[in-house]
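Asker:
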Amino acid sequence: QAKARGRNGFSFYAPSMTGEGVERLRLETFLRRSIEKEEIFLNYQPQVEIDTGRLVGVEALVRWNHPELGLIPPIRFIPLAEDTGFINQLGKWVLHEACRQMVRWQEAGLHVPKIAVNLSAKQFERGSIVNMVADILHDTGLEPERLQLEVTESVIMNTGDAMVFINDLHSIGVALAIDDFGTGYSSLAYLKQLPVQTLKIDRSFIKDISTDVNDEAIAIAIIQLGKSMNLSVIAEGVETEEQAAFLLRHGCNLAQGYFYSRPLAADDMLSRWQK
Ligand code: C2E
Ligand code: MG
Ligand code: MG
Ligand code: MG
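Numbering (UniProt numbering), first residue to last: 765 to 1039.
1) For Glu1003, is the beta carbon positioned less than 8 Å from some heavy atom of ligand 6?
2) From the DSSP secondary-structure annotation, give me the bridge partner or partners of Val822.
3) Here's a check: name, in chain order, each residue in its chain whose Cβ is nearer than 8 Å to the Cβ of Leu1018, leaving out the five neighbours to either side.
4) Please report the straight-line C-alpha distance between Ser775 and Ile839, rounded to a whole angstrom.
5) When DSSP labels each residue in this structure, what does Gln1020 get in the three-state scheme?
6) Taking Asp1031 as the reference, give the member of Arg790, Thr782 and Ala872 with the closest Cα.
7) Rounded to the nearest angstrom, what separates Leu952 and His934 at their Cα positions?
8) Out of curiosity, what's the CA-to-CA distance linking Lys991 and Ala983?
9) For Ala845, which option in Ala1009, Val894 and Arg788 has the closest C-alpha, if you only look at C-alpha atoms?
10) Just how far apart, CA to CA, sit Arg769 and Asn931?
11) When DSSP builds the beta bridges, which residues end up paired with Ser996?
12) Going by other Cβ atoms of all chains shown within 10 Å of its Cβ, with 16 needed for buried, is Ser1025 buried or exposed?
13) Going by DSSP, which residues form a beta bridge with Asp943?
14) Assess contact between the segment 854 to 868 and the segment 901 to 908, defined as three or more Cβ pairs (one per stretch) separated by less than 8 Å. Is contact present?
15) Short check: CB of Arg827 to CB of Leu806, under 9 Å?
16) Can you name the residues that DSSP bridges to Ile836?
17) Within 8 Å: the Cβ of Lys878 and any heavy atom of ligand 3?
18) Please list, in chain order, all residues with a C-beta atom less than 5 Å from at least one heavy atom of ligand 2.
19) Please classify Ala1029: is it buried, with 16 or more other beta-carbons within 10 angstroms of its beta-carbon, or exposed?
20) How would you call Gly834, buried or exposed, if buried means at least 16 neighbouring beta carbons within 10 angstroms?
21) Which partner residues of Leu911 appear in the DSSP bridge assignment?
22) Could you give the distance in angstroms between the alpha-carbon of Asp972 and the alpha-carbon of Tyr1022?
23) Tell me the DSSP secondary structure of Phe850 in three-state form.
24) Can you check whether the CB of Glu1006 is closer than 9 Å to the CB of Ser974?
25) Would you say Lys964 touches ligand 1, meaning its beta carbon is less than 8 Å from a heavy atom?
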């Protein structure tokens, strides 16, 4: 069994370290090299207008394919990347790749109106990321309005300067969405002040929308809230026609979910959506 050693030469884990801990260390080590080894890539999930089926955007979703471990889901490696600080490098790579892909599709004759990219709270800890985002937009030539950054309520509420940083991003023309809306806690007073354009209804509320009266009530309330604040509202995790019909009936015309499409490889976006 390999002994992990810190910089000073002493072991940084106790001999009693569990198998789980060892596994985690191994994953961390692999993850650190994943970008240079070209094991990281993006999938893109279409966002559509419910009544017309028109493509309004895509969400970029990061994927890690390790030669031995296989495809590792983001819920397993994003937290790890956050704990180790690797998220900054990863987040930058994701953003750059997402913007570049938009330009590649455009060149291939597919116009994707906008791309949504997830941000982690940790990406706000080192200060404003506005320069990084501006550099990537400049480098790739993507119009800022066609980039939408997704943050969760907890990112906004728990990150000290998040409000300032979000305003910075808004000032360069980038769009913002609140992801998983309704699962965190957010102050409506905050929401009012934020330059946010979109609320994404969390998929946990969509799941039982036509059978659970509470989920139904929450979804309707979010749609109404968005309407009255002049925000666009998109439902995530739409898997059935019934869910889509419910949303449309209650005034939400934007959706993302398996009913429309699973997340796709860049080339599959072309074959599926190019006219
Ligand atoms: P999210 O941002 O809320 O993304 C939506 C997740 O729901 C994606 O999972 C997507 O594949 C899944 N999904 C979409 N439609 C359906 C559906 O109809 N049914 C079900 N059951 N699931 C659906 P994924 O790709 O595994 O990503 C999970 C989470 O990992 C994301 O949740 C996001 O929080 C995080 N993540 C993914 N990519 C990135 C990234 O590039 N950066 C950061 N910081 N986080 C990311
Ligand atoms: Mg998201
Ligand atoms: Mg989400
Ligand atoms: Mg979610």
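We put the CB at the ideal spot given by N, CA and C, even for glycine.
Answerer: In this structure, then:
1) You won't find ligand 6 in this model; what it holds is ligand 1, ligand 2, ligand 3 and ligand 4.
2) In the sequence shown, the residue the question calls residue 822 occupies position 58. Note: Val822 sits in a beta bridge opposite Pro810 and Ile879.
3) Sequence index remark: in the sequence shown, residue 1018 carries index 254 (1-based). Correct list, in chain order: Gln811, Val812, Glu813, Ile814, Val820, Ser996, Val997, Ile998 and Ala999.
4) For the purposes of this step, residue 775 is identified with residue 11 of the sequence shown, where counting begins at 1. For the purposes of this step, residue 839 is identified with residue 75 of the sequence shown, where counting begins at 1. In this prediction, Ser775 has a pLDDT of 49, which is less than 50 and means its spatial position is unreliable; what the coordinates show is noted afterwards. Pairing Ser775 with Ile839, the inter-Cα distance amounts to about 28 Å.
5) Taking the first residue of the sequence shown as 1, we reach residue 1020 at position 256. DSSP places Gln1020 in strand when its eight states are reduced to three.
6) Translated into positions along the sequence shown, residue 1031 becomes position 267. Nearest of Arg790, Thr782 and Ala872 to Asp1031, Cα basis: Ala872.
7) The count along the sequence shown starts at 1 and reaches residue 952 at position 188. The count along the sequence shown starts at 1 and reaches residue 934 at position 170. Computed Cα separation, rounded: 19 Å.
8) Position 227 of the sequence shown, counted from the first residue, corresponds to residue 991. Position 219 of the sequence shown, counted from the first residue, corresponds to residue 983. Between Lys991 and Ala983, the C-alpha separation is close to 12 Å.
9) In the sequence shown, counting from the first residue as 1, residue 845 sits at position 81. Distance check between Ala845 and each of Ala1009, Val894 and Arg788 places Arg788 closest, using alpha-carbon atoms only.
10) Mapped onto the sequence shown, residue 769 falls at position 5. Mapped onto the sequence shown, residue 931 falls at position 167. Bear in mind that the predicted position of Arg769 carries a pLDDT of just 43, short of 50, making it too unreliable to give a figure here.
11) Translated into the one-based positions of the sequence shown, residue 996 becomes position 232. DSSP output for Ser996 lists Thr962 as bridge partner(s).
12) Here the question's residue 1025 lines up with position 261 in the sequence shown. Buried: at least 16 other Cβ atoms inside 10 Å.
13) Here the question's residue 943 lines up with position 179 in the sequence shown. Answer is Thr916.
14) yes
15) One-based indexing of the sequence shown puts residue 827 at position 63. One-based indexing of the sequence shown puts residue 806 at position 42. Yes, Cβ-Cβ distance for Arg827 and Leu806 is below 9 Å.
16) Position 72 of the sequence shown, counted from the first residue, corresponds to residue 836. Answer is Trp828, bridged to Ile836.
17) Locating residue 878 in the sequence shown gives position 114, counting from the first residue. No, since every heavy atom of ligand 3 falls outside the 8 Å radius drawn around the Cβ of Lys878.
18) Asn882, Glu914 and Asp943
19) Sequence index remark: in the sequence shown, residue 1029 carries index 265 (1-based). When all chains shown are included, Ala1029 counts as exposed.
20) By 1-based counting over the sequence shown, the position of residue 834 is 70. By the neighbour-count rule (16 or more Cβ atoms within 10 Å), Gly834 is not buried but exposed.
21) As a position in the sequence shown, residue 911 is number 147, starting the count at 1. Paired residues: Ile879.
22) Taking the first residue of the sequence shown as position 1, residue 972 is located at position 208. Taking the first residue of the sequence shown as position 1, residue 1022 is located at position 258. In a straight line, the C-alpha of Asp972 is about 15 Å away from that of Tyr1022.
23) Taking the first residue of the sequence shown as 1, we reach residue 850 at position 86. Reduced to three states, the DSSP call for Phe850 is coil.
24) Walking along the sequence shown from the start, residue 974 turns up at place 210. Walking along the sequence shown from the start, residue 1006 turns up at place 242. Going by C-beta atoms, Ser974 is nearer than 9 Å to Glu1006.
25) Against the sequence shown, residue 964 aligns to sequence position 200. Yes, the beta carbon of Lys964 sits closer than 8 Å to at least one heavy atom of ligand 1.
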